[in-house]
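As you go down the protein sequences, you meet chains A, B and C in turn.
Residue numbers for the first sequence, in my numbering: 278 to 844.
Residue numbers for the second sequence, in my numbering: 2 to 364.
Residue numbers for the third sequence, in my numbering: 128 to 565.
Ideal Cβ placement from N, Cα and C applies to all residues, glycine included.
Every value quoted in this text rests on a predicted model; they were computed, and no experiment measured them.
Worksheet: the structure to be examined is printed underneath.
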Amino acid sequence: MPPDTPTTSLLRGAATGSDRLVLALVRCCLLLVLLLGPLPCLAAQTTETDSIAVLIDNAIDQQNVAAGITTAPQADPDTLLRRTTLDLAGRIPTSRERDWYLLLPAETRQQQLVDRLMQLPDFDFHLRNSLDELLLPERPNDGEFREYLLTAVRERRPWSRMFREMLLAAPADGPDKGAAQFVRSRVRELDDLTNDTAVLFFGVNISCAKCHDHPLVADWKQDHYYGMQAFFHRTFTSKKNLILEKPFGGVKFRTTAGVDRDAALMFLNGAVVTDATPSYTDEEKKSAEEQIRRLEREDDAQPVPVSFSPRQALIDTAIADQQQQYLARNIVNRTWARLVGTGFVDPPDQMHSGNPASHPELLQSLGADLVAHDYDLRRLIRSIVLSRAYARSSSWTSETAQPASQTFAVAVARPLTPRQLSASLLIATRSAGNWPAVDEVAAKPDEWQKRRTDLENQANGWMREFEQPSRDFQIAVDEALFFSNNDRVQNDLLRDGGDRLVNSLKAAETPQQAARLLWTVVCSREPAEAETQVVVDWFARVPQRQDSDVQALLWAVLAGAEFRFNH
Amino acid sequence: MRMNDEPVAAMPAATTPATPQAAAAAAVPFVPSKVSIDRTVRLPSMTFCLARHVPSGRVFCGGADFGLHSFDPAAEKPETRPLSEVRHSSYVTGVVNAAGTLISGGYDRSLIWWNAETGEQLRKVEGAHDRWIRSLAVSPDGLRLATVADDMRTKIWDTQSGACLLTLDGYDLQTPHGFPSMLYAVCFSADGRRLATGNKTGKVLIRDVATGEIQQTIETPVMYTWDPKARRHSIGGIRSLAFSGDGSLLAVGGMGQVGNIDHLEGKSRIEVFRLPTGERVHEIEDSKYKGLVEKLQFSGDQKWLLAAGGDNGGFLSAWSLETGKLLAQEKLGNHLHAFEMLSDRTLVTVGHDQASHVTLSAG
Amino acid sequence: MSGKRLIPVQCGLSDVAGVSRRGFLGGTAVGVGGALAADMRAVNGLRAEEIAGELRRGEKHVILLWLAGGASQLETWDPKPGVKTGGPFAAIPTNVAGIQVSELLPKLAQRMHLTAVIRSLNTKIADHGRGADLVERGRLDDPGLRYPDLGAVVAKELGRLESTVPDYVSLYTSTEGRRKGTSGFLGARYAPLFLAENMAPPNTGLHERLTAAEHQDRAALRDLLSKRFTAEHRGSTVGSLNSAYQRVQGMMASAGLFNIEQEPAEVRARYGPTQFGEQCLIARRLVEAGVPFVKVARAWWDSHGQNFETHLELCADLDHCMSVLLDDLQERGLLEKTLVITLGEFGRTPGINASLGRDHFASAWSCSLSGLGIRGGVVHGATDAEGHTVVDGEASAGDLFATILQAVGIDHTHEYMVGSRPTPLADFGSKPIRSVLV
């Protein structure tokens, strides 16, 4: 079955023989999840979230079996270590982490790796960065917002709570102050605030419905667009840069038929919130409007009392939406897309009936599980990275055409984000001994916290050199020119020094040793024989090995395709 | 209200004929501390220049409607009337009273002699300059006319015959940055023997009127306002010049350095030099009123200096020449382009779209 | 084997493994050393041939002279002498009977036969940022959808994917209103090579600690070591990395295009001493070398104060530099392949304020198109006697965008798929202005 057929569905389609058995099992699991919440333990070694990983794999495998699609084998341990570390820690593994990992028993290796990484400060940094890239892409260095996200992630706040905090944008002290930045950065453009909220929190792009009912999507009418906008219409910023709401006011729009209409407070699922705004006399309105003008101009103006908050109503409505679960399904879909490369719904802002999910029931189940577990993103992430679907090889050497991305039959090589790339460059250019062993990290977590914070800060200084990957991302020649000719690359990344990989490579006694060092540190794997031979040849081409030969070798691997991608 | 038009002489200055009463006025030192606007009159167009015509008591002004208009500044409700149906073919940027005859010039590169009473055009010199004429000045005896234009030439004319007596170079056609330069300002000394001119880049030349010989060069580079980075152009230049009555001081007006040259937002700027040493005795930047200084005039006793100009708004300011400090100042309608003294304490200003009768007082 | 580019040409990793390894080495270590001692001059020579090849291909180009801040239509293409709003400057005849322009453009007036003027732009938005967004992209971004600007669209449509010269160059050296340009949903591949601080593009010079040979060998080693991964990972994003590295040598070689010292002194003198003149010369060099789109931003025309002084200065610059550019292109046979545009984010108010300035105005303003695809000596549209409104031939930003695309032979109705959304190159409903097109 073509994977992109709109009617593709886990519980439909032609299944035969043993497929039917699998299908039945999956169905049972799904029902159980939907009705009872998390599944009971399936095996002694299996934790609760492993069962969700099983659910994921069953759903995907079943559909691929039914469609006759061959899946790629599981990735080799080195590849999986690098991938998982990049996805959970935001960086490549150190070679000492690799030493530890390779000694783990195969059957529990991934789980032990995942559990370790999720305990590290690295995980919080990276999840924070991922959410930041999603929610404030135009402002990659908004300190307050990033501090808020880091605090929320560290405290393991439920996604629903973060959503509430960011959209409520209430005045706050301390790290929570930054939550308002999502709204604040968009408040001057009501259309952006409306649509970005719909796109980023609900997976729905309704912008085409502004001027006319959506031409391609039956779900979205002008009522939805202006209904969403009505939740934000009263929002404004005071002179002190607080996000406030006016006590009254609504959105009027003209339909394509030319009729002027007042927009209802309508959520995407069609639910209309009763506008509980009390009635104001003209005099009260005039006075309030004057007060609002003062708030916009003066630092010490008094806030206007508001008895009904449309934004609060939107938050409540979205969280209460048990049927469609836009809030939960969106973050599930986006998290899946981030970790696997493509969403169940793709593009991720097209969650509507005209663009059905590749695995609708699975998406529904994962959403339900997220809701049932208090919107715990860590649980969701853990389930995904423990699945076999996540762990597939990204290499496709078969003569047959590569399966479509939404079959999840083969992993996708994903370009590193600017922060992943920056942190990884900093690790890859240091010598192996520069980083602590796993047991040292465990023994002295505070020291690692400090090292990792330093690494994060240093990475910030590099990330501006790289583009944030977007859909169908193309790496620009600017990046290749930067790597090829920029001073920072030559003078910093390739610098010689006691803690530098260049130094260790120079000290290697044989080209073979140098090759092994290079590949284990930079690529987190042993070099292939042919690669070792390239190093041998590279050094042999000159009578006396120079520092520049070592630097060139390191550069060639750092600038290479393998390093640039999470594969 | 009848205007204060007692026969106390106008202050000796480039465009105001010196009178014998000047010395008497100096006997009782007057130092203004207040500027009062007595009345204003709406003008038919943007107005850049004016000349007082003593016999008729009227003031003639020229501007953006290409013509000259006159009004009686002494009238309670002054009414403007056009001098003639005949006009220039572009903005009128200078008008002077040369011994009873009006002479005007403008961006059409031509000069026109007028009978102020009848409006009759007496003479027209087409192509008096090759580019836009920026300013006119008349010698105190009314016999010599000086014109400056963007052909970067200064010309001296016989006001009686209309003959061009001297054509003087001395300025580069282009700025150091390769753009067209402009020659904005010209004035005679009170004795009529010297002429000062000032250009866009802040270069003042002082010449002998009879020979055209350059006697002195003074540089005021801040006036240029060239922005080399943000906007890559300039809007400043020397816009006004005045000699003191005894010729020992020269005041140069323009605008100080501008942050954003989209607007006239630099501090209005005056530099005063002692002659012939060229020593700069005052560097005045007004922090309150911004924009170009379009007109300068020394008091008869050389104790203070009157300056007018503006950005969108206009200002009139009196500065002490002893201390360089502000004596009196008033916001005055829209951007002021020129004024003429009616007495030692009264004057008429013209600006963007209005004229004002203004009194200086010591109270 | 003694070819200079031996490593990348001869060897993949599969060759390296096993018996063919010696082939990779070219037999001896000495051979390899010789092979790798490639000389940048050889690369430059190669580039020169390819550049010549580009010329022979007769590609099409656009030079956008971006009058940043908003030039006054009344002091350029739509003079109104003698009316209240007209300002002091006269209108002068051009070499096309019946067409007059401001006296501030005497040289361009003598090249009117090459130029079509549109006097009827009504783009409505009179603030710099959004006005520029609109004019550069032919529409405003939709929420969640960033449109590419003209340069990016032309780069995509007229550039070659593997081009070694840049395909969209944007020069904007003044700081006010500086905009890089945006490739929107087309992605970083079509983002401009942006020159803001220096006239040399960033990261195109050889590092002082590397010789040309080392630089090239290193790149060859990178290509070699990336081959296996690239072979196993299909997809355009992985492919784009190698494409980007393959363009490095060409980009470095083409950096010389920005060096006008390489032009004869008389050519440089002809363009004149101003920075705009130098950048127009760079634009000609780039176009000659095959660059599809060059934007030269001349900032800053925002004459809220002293509009006439500002235009005396800046129009003289525009008049001279653009005239020389048109002549130079024509003499080299490039004008028939190159569209030259003057355009800003808007025009200026007919009303003159007390600072003798004109303010922002987007309701009735002008632009010009010369060269490729343009019917010269034509005026499209008209404004009323004082220039307050368009009275004939009103054109939107989308219409202008469509006109420009049509002029260079790009179908403005062609659609990109952005996600599930069909998106035409020019905004829905845009109509090219046929009267200015050949």
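Using a C-beta cutoff of 8 Å, does residue i count as contacting chain D?
i: Arg-707/A; result: Here chain D cannot be found, since the structure's protein chains are A, B and C.
Less than 8 Å separating the beta-carbons of residue i and residue j?
i: Ser-216/B; j: Asp-209/B; result: It is worth fixing the name first, because residue 216/B is Gln in this sequence and not Ser. Yes, these two residues count as a Cβ contact at 8 Å.
i: Ala-446/A; j: Val-460/A; result: yes
i: His-130/B; j: Arg-154/B; result: yes
i: Gln-458/A; j: Asp-500/A; result: no
i: Val-617/A; j: Gly-480/A; result: no
i: Val-210/C; j: Thr-221/C; result: no
i: Phe-321/C; j: Gly-308/C; result: yes
i: Gly-257/B; j: Glu-286/B; result: yes
i: Ala-117/B; j: Ser-57/B; result: yes
i: Ser-708/A; j: Leu-778/A; result: yes
i: Leu-467/A; j: Phe-509/A; result: yes
i: Asp-576/A; j: Lys-516/A; result: yes
i: Val-365/C; j: Phe-842/A; result: yes
i: Glu-335/C; j: Ala-829/A; result: no
With respect to the beta strand (DSSP E) encompassing residue i, which residues constitute its N-terminal and C-terminal limits?
i: Ser-318/B; result: 314 to 321
i: Asn-762/A; result: Per DSSP, Asn-762/A belongs to no beta strand (DSSP E); it is in the alpha helix (DSSP H), 754 to 762.
i: Phe-61/B; result: 59 to 64
Show which residues of chain B have a CB atom less than 9 Å away from the CB atom of residue i.
i: Gln-457/C; result: What Gln-457/C touches in chain B: nothing, since even the nearest Cβ is about 24 Å away.
i: Pro-400/C; result: Gln-175, His-178, Gly-179
Which bits of chain C does residue i rub up against, with CB to CB less than 8 Å?
i: Asn-335/B; result: Ala-481
Given that residue i touches chain B, what residues does it touch there, using C-beta distances under 8 Å?
i: Asp-429/C; result: Arg-232, Asp-263
Note down, in chain order, every chain B residue with its Cβ under 7 Å from the Cβ of residue i.
i: Ala-426/C; result: Arg-232, Arg-233
Could you tell me the distance, in whole angstroms, from the CA atom of residue i to the CA atom of residue j?
i: Leu-831/A; j: Asp-776/A; result: 15 Å
i: Gly-101/B; j: Phe-488/C; result: 45 Å
i: Thr-515/C; j: His-360/C; result: Checking the sequence, you will find His at residue 515/C rather than Thr. Spanning the two alpha carbons is a distance of roughly 60 Å.
i: Gly-153/C; j: Gln-821/A; result: With a pLDDT of 31 at Gly-153/C, under the threshold of 50, the modelled position of that residue is not reliable, and the figure given next carries that caveat. So the alpha carbons of these two residues sit roughly 19 Å apart.
i: Lys-326/B; j: Asp-454/C; result: 57 Å
i: Ala-534/A; j: Lys-487/A; result: 14 Å
i: Ser-437/A; j: Leu-477/A; result: 13 Å
i: Leu-277/C; j: His-336/B; result: 41 Å
i: Leu-316/A; j: Asp-773/A; result: Summary for Leu-316/A: the model assigns pLDDT 39, below 50, so the residue's position carries little reliability, and this model does not support an answer.
i: Leu-456/C; j: Leu-235/C; result: 14 Å
i: Gln-383/A; j: Arg-669/A; result: Here the sequence assigns Ala to residue 383/A, which means Gln is not the residue at that position. Looking at the two C-alpha atoms, the distance is approximately 15 Å.
i: Gly-526/A; j: Gly-547/A; result: 21 Å
i: Asp-354/B; j: Gly-311/B; result: 13 Å
i: Pro-391/C; j: Tyr-185/B; result: 38 Å
i: Leu-231/C; j: Gln-237/C; result: 12 Å
i: Leu-351/C; j: Arg-818/A; result: 16 Å
i: Asn-249/C; j: Ala-524/C; result: 8 Å
i: Glu-121/B; j: Ala-52/B; result: 17 Å
Show which residues of chain C have a CB atom less than 7 Å away from the CB atom of residue i.
i: Ile-236/B; result: Gly-432, Gln-433, Glu-436, Thr-437
i: His-353/B; result: Ala-481
Taking C-beta pairs closer than 9 Å, name the residues in chain C that residue i reaches, listed in chain order.
i: Asp-312/B; result: Gly-432, Ala-481, Ser-482
Terminal residues of the continuous alpha helix (DSSP H) containing residue i?
i: Ser-381/C; result: 375 to 381
i: Gln-683/A; result: Careful: Gln-683/A lies outside any alpha helix (DSSP H) and carries neither H nor E.
i: Tyr-378/A; result: 372 to 379
**Request:** Tell me the start and end of each unbroken alpha helix (DSSP H) in the stretch 537 to 613 of chain A that is at least 4 residues and wholly inside, in chain order.
**Result:** 559 to 574, 587 to 597
**Asked** Which ranges does the alpha helix (DSSP H) cover as unbroken runs of at least 4 residues, wholly within the stretch 482 to 536 of chain A, from first to last along the chain?
**Response** 499 to 509
**Item:** Residue ranges of each beta strand (DSSP E) within the stretch 133 to 189 of chain B, 3 or longer
**Value:** 134 to 139, 145 to 150, 155 to 159, 165 to 169, 184 to 189
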